[in-house]
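Everything on this sheet refers to the single structure shown next.
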Amino acid sequence: MIAVALATICAGIVLMVWQPDFIYSTRRGSVLGPGLVVAGAVGALATLVSFARHEKGPRPRVVIDDRGVHDATGPKAVGLIPWEEIAGLRVVSANSGRNQYVHVFLRHPEQALAQMIADPRRRQAMLKRASRNQAPIAIDSRVLGLPGVSLATVIREEGEQRVGWEPTAS
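Using UniProt numbering, you'd call the opening residue of the sequence shown number 1 and step up by one each time.
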């Protein structure tokens with residue numbers, strides 16, 4: 001991929017220096033060389049960023065530890081969900097069962113979401129779901145490659161081992 005980006009940059013430089021008449025005879029011809037250089041630079045940068053992410057190694061998407069459940073499953077993930085805030089879990093299927101989500105119910109949604117979510121519009125949307133007795137947080141089990149029931153079972157078992165955590169909804 002980096003070779004293609006570098007070749008594109010080289011082609012753009014050659015076209016800017018050489019300036020063949022059959023290309024530069026049109027109005028758009030003068031944009032071709034610089035355009036190739038810019039496209040190649042963007043491609044090279046994207047390749048390097050992708051390579052750097054790959055070299056850092058895979059990040060765990062869900063981490064369960066003494067503090068709680070760390071959700072990093074996607075752009076709408078909330079981060080740390082403390083054990084004392086988890087009121088219950090429910091597995092929900094969507095798209096004819098192809099996608100499974102673990103819905104997390106919170107004991108004190110307003111306080112917990114104020115700590116977890118910085119964006120006020122997103123926090124309001126989650127609070128609105130909580131006010132309608134819906135789970136404000138949904139963890140996508142599909143990105144983990146395991147069924148939602150398995151993820152919910154692991155979270156429940158770990159939560160039961162924690163001091164003071166007793167789920168009230170399921």
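Where a beta carbon is used, it is the ideal one built from N, C-alpha and C, also for glycine.
Expected contact under 8 Å - CB spacing of residue i and residue j to nearest Å
i: H70; j: R90; result: With a Cβ gap of about 20 Å, H70 and R90 do not count as contacting.
i: G40; j: T8; result: 3 Å
i: I136; j: L106; result: Residue 136 is actually Pro in this sequence, not Ile. Correct: roughly 6 Å between the Cβ atoms.
i: A5; j: G35; result: Wrong, their Cβ atoms sit about 14 Å apart, outside the cutoff.
i: Q100; j: R142; result: 7 Å
i: V154; j: I64; result: 7 Å
Pairwise C-alpha distance: residue j and residue i
i: A77; j: A118; result: 12 Å
i: L48; j: R162; result: 42 Å
i: R132; j: P60; result: 32 Å
i: T73; j: A3; result: 32 Å
i: R27; j: W18; result: 17 Å
Top-ranked residue by Cα proximity to residue i, from the options
i: S30; options: G12, A46, V154, G43; result: G12
i: G68; options: F51, A87, R53, A3; result: A87
i: R98; options: V154, E160, C10, G148; result: G148
i: E157; options: R27, W83, A52; result: W83
i: E85; options: Q111, L146, S150; result: Q111
Residue i classed as buried or exposed, judged by whether at least 16 other C-beta atoms fall within 10 angstroms
i: S170; result: The predicted model places S170 with a pLDDT of 49, which falls under 50 and marks its position as unreliable, so this point remains unresolved.
i: A130; result: buried
i: M116; result: buried
i: Q124; result: exposed
i: L146; result: exposed
i: P109; result: buried
Residue i vs residue j beta-carbon contact at 9 Å
i: I139; j: L151; result: yes
i: V62; j: L113; result: no
i: residue 189; j: M16; result: The requested residue 189 does not occur in the structure, where the chain is confined to residues 1 to 170.
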